[in-house]
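To start, the structure under review is shown below, and the notes come after it.
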Amino acid sequence: RAQLARIPAVAVLDFGVLAEARSSAILGRNATDAVVVEMGRTGKYDVTPRTQVNQQLAELGLAIPLSNNGLQKLGQALGVEQVVSGDVTNVAFMSN
Numbered sequence: 008r009a010q011l012a013r014i015p016a017v018a019v020l021d022f023g024v025l026a027e028a029r030s031s032a033i034l035g036r037n038a039t040d041a042v043v044v045e046m047g048r049t050g051k052y053d054v055t056p057r058t059q060v061n062q063q064l065a066e067l068g069l070a071i072p073l074s075n076n077g078l079q080k081l082g083q084a085l086g087v088e089q090v091v092s093g094d095v096t097n098v099a100f101m102s103n
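Next up, the structure:
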């Protein structure tokens, strides 16, 4: 019999944008969306909806950026195996 493999549940936090990137905060949101889309496209991750992540952050009284302890609390509360976070550190535009 074929055994169904369970895909890991993950939560993705909105990425920050470091000052050195010299870009607006919307870039962090766009980067987060791109990562979520690609993770979902692979079929290897069950990505928790942003609304659920944000609701749980509010219920726990947590604010981004999270400490390691905060990441663990959020992950446990959401029942996910992994919490993805990050920062945009540099922006470069390539011309064709």
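Each number in my numbering comes from the position in the sequence shown (counting from 1) with 7 added on.
Beta carbons are placed, not taken as given, at the ideal position from N, Cα and C, and that holds for glycine.
This one's a predicted model, so the numbers in the text were calculated from it and none came from an experiment.
Distance from the CA atom of leucine 34 to the CA atom of arginine 13, rounded to whole angstroms, is 32 Å. In this structure the segment 75-88 touches the segment 13-25; the number of beta carbon pairs closer than 8 Å is three or more.
Taken in chain order, the unbroken stretches of alpha helix (DSSP H) that lie wholly in the segment 9-95 and span 4 residues or more are 33-49, 57-67 and 75-85. Taking 7 Å as the cut-off, the Cβ atoms of valine 24 and valine 91 do not count as close.
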